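Okay, structure first, notes after.
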Amino acid sequence: MLDDLLVYMLNMLSTGVGNGTDSLLQSPQDYNAALYNAALTIHSTAVKPITAIVLAIMFVLMLATTSTRAEGDRELGVRIVAATMFKIALVFIVAQNAVLLLEALASIATAISNTANSIDMGTGTSAAPLGDALRSDIAAQGITEKVTLVVLLLLPWLVSVIANVLAIVLVFIRFLQMYLLTAFASLPVAFLGHDDTKGIGIGYLKAFAAVALTGTVLVVAVKMYQALIAGWGGGTSAYDGNLVGWITGNFGNFFVAPIVLIFLMFGANGLAKRIVGEA
1353 MLDDLLVYML NMLSTGVGNG TDSLLQSPQD YNAALYNAAL TIHSTAVKPI
1403 TAIVLAIMFV LMLATTSTRA EGDRELGVRI VAATMFKIAL VFIVAQNAVL
1453 LLEALASIAT AISNTANSID MGTGTSAAPL GDALRSDIAA QGITEKVTLV
1503 VLLLLPWLVS VIANVLAIVL VFIRFLQMYL LTAFASLPVA FLGHDDTKGI
1553 GIGYLKAFAA VALTGTVLVV AVKMYQALIA GWGGGTSAYD GNLVGWITGN
1603 FGNFFVAPIV LIFLMFGANG LAKRIVGEA
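For the sequence shown, this note's numbering assigns the number 1353 to the initial residue and increments by one for each residue that follows.
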């Protein structure tokens, strides 16, 4: 029993948040199909009719502006009208396929997250996290040493548990924000057609990209945490066979690292906004 507990504690300390960020490797459609379908239904029934009205107004304004500019020069007028019609068609297609555009942005973030998650940061072996890699050494310890190890790892492990719970909450909030933004997909994009309002559409796309990349930043933060643990504790490469001595020597690192991870997770959204230039 103590063996499994110690393996579990070391695994969580070495990997960061356990399985808390595994959902970030999924697309919004796969994470919660019911919520995603609800967002699409709201978008189709409530938002798209308003988008159609906005597009009609935008197109009328664009054509009115074009007709004013085209007066007095027939050849230039034809070119301006043709360019305006092409712009109208482009904006219409983009607004009509706004959900696909968001799915493309989300898939980019998911692809980066999956690639980053597959990298081994040296917190165990290439095939197993720290606890599993040290299972045989843990089993070789006496009952006194095992109890000592549990006491030493208890506080860092509790901090890691808090980090894991925080990760689960942040992951859910991230996906919920993506679903809410998806429900309004076409409306902000419709404003891209006019120079005076295109900032609304650009800001919306930046906001969605920032939310999507928040998940990627969380995954990268966990990988940086694992690299930090490997660098401070040396992973299993610095282990000399004295398990109690090695854990004692790295107690401060095991305790501080989850706290650092918590701060990194809290700042994930801010970092994602900076990546897309939103803030």
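We put the CB at the ideal spot given by N, CA and C, even for glycine. Please read these numbers as outputs of a predicted model, since none were measured by experiment.
Applying the 10 Å Cβ sphere with the 16-neighbour rule, what's the burial state of residue i?
| i | result |
| --- | --- |
| Q1578 | buried |
| R1431 | exposed |
| N1602 | buried |
| V1399 | buried |
| A1325 | Residue coverage of the chain in this structure runs from 1353 to 1631, which leaves residue 1325 outside it and unanswerable. |
| N1363 | buried |
| G1593 | exposed |
| G1604 | exposed |
| L1522 | buried |
| L1532 | exposed |
| M1353 | exposed |
| S1478 | Because the pLDDT at S1478 is just 44, under 50, the model does not fix this residue reliably, and the value given afterwards should be weighed accordingly. The residue is exposed, with fewer than 16 neighbouring Cβ atoms inside 10 Å. |
| G1553 | buried |
| F1524 | exposed |
| G1476 | In this prediction, G1476 scores a pLDDT of 47, lower than 50, which makes its location untrustworthy; the coordinate-derived value is nonetheless stated afterwards. Burial call: buried. |
| A1385 | exposed |
| V1369 | buried |
Give the secondary structure of residue i by DSSP, where H, G and I count as helix, E and B as strand, and everything else as coil.
| i | result |
| --- | --- |
| F1536 | coil |
| I1471 | coil |
| S1366 | helix |
| Q1381 | helix |
| T1500 | helix |
| V1628 | coil |
| T1568 | helix |
| H1395 | helix |
| D1355 | helix |
| A1492 | coil |
| T1373 | coil |
| G1604 | helix |
| P1401 | helix |
| L1580 | helix |
| P1481 | coil |
| T1588 | The predicted position of T1588 is uncertain, since its pLDDT is 49 and thus under 50; a value taken from the coordinates is nonetheless stated next. The answer is coil: DSSP assigns T1588 none of H, G, I, E or B. |
| G1622 | helix |
| T1549 | coil |
| L1452 | helix |
| L1518 | helix |
| N1594 | coil |
| L1310 | Outside the displayed range of the chain (1353 to 1631) lies residue 1310, so it cannot be described from this structure. |
Given a cut-off of 9 angstroms on the beta-carbon distance, is the pair residue i and residue j in contact?
| i | j | result |
| --- | --- | --- |
| L1518 | T1367 | no |
| T1573 | M1617 | Looking at the sequence shown, residue 1573 is not Thr but Ala. Yes. Within cutoff. |
| L1358 | L1528 | no |
| K1315 | G1629 | Within the shown structure, residues of the chain are numbered from 1353 to 1631, placing residue 1315 beyond reach of any answer. |
| S1465 | V1571 | yes |
| L1453 | M1530 | no |
| G1555 | R1526 | no |
| T1339 | P1380 | The requested residue 1339 does not occur in the structure, where the chain is confined to residues 1353 to 1631. |
| A1561 | A1463 | no |
| V1433 | S1419 | yes |
| F1606 | I1614 | no |
| T1436 | L1415 | yes |
Am I right that residue i and residue j are in contact with their C-beta atoms under 8 angstroms? What's the rounded C-beta distance?
| i | j | result |
| --- | --- | --- |
| I1495 | D1355 | No, I1495 and D1355 are not in contact; Cβ-Cβ is about 11 angstroms, not under 8 angstroms. |
| Y1383 | S1375 | 6 angstroms |
| A1575 | I1471 | Contrary to the premise, residue 1575 reads as Lys rather than Ala in this sequence. At roughly 6 angstroms, the Cβ-Cβ gap stays under 8 angstroms, so K1575 and I1471 are in contact. |
| L1377 | N1469 | 6 angstroms |
| I1520 | G1622 | With 8 angstroms as the limit, I1520 and G1622 do not qualify as a contact, their Cβ atoms being about 20 angstroms apart. |
| A1620 | V1569 | 4 angstroms |
| L1486 | L1595 | 7 angstroms |
Consider the Cβ of residue i: report whether some Cβ of chain D lies at a distance smaller than 9 angstroms.
| i | result |
| --- | --- |
| A1485 | No chain D appears in the structure shown, which is made up of a single protein chain. |
Three-pair Cβ contact test at 8 angstroms for the region 1538 to 1556 versus the region 1439 to 1448: Contact between the region 1538 to 1556 and the region 1439 to 1448 is established, with three or more Cβ pairs separated by less than 8 angstroms.
Segment contact flag, the region 1447 to 1454 with the region 1528 to 1542, C-beta cutoff 8 angstroms, min 3 pairs: Cβ pair count under 8 angstroms is three or more, so yes.
Meets three-Cβ-pair contact criterion under 8 angstroms: the region 1390 to 1398 and the region 1508 to 1522: Too few Cβ pairs lie closer than 8 angstroms, so no.
Stretch pair the region 1499 to 1509 + the region 1598 to 1615: three plus CB contacts closer than 8 angstroms: In short, these stretches touch, since the Cβ pair count reaches three.
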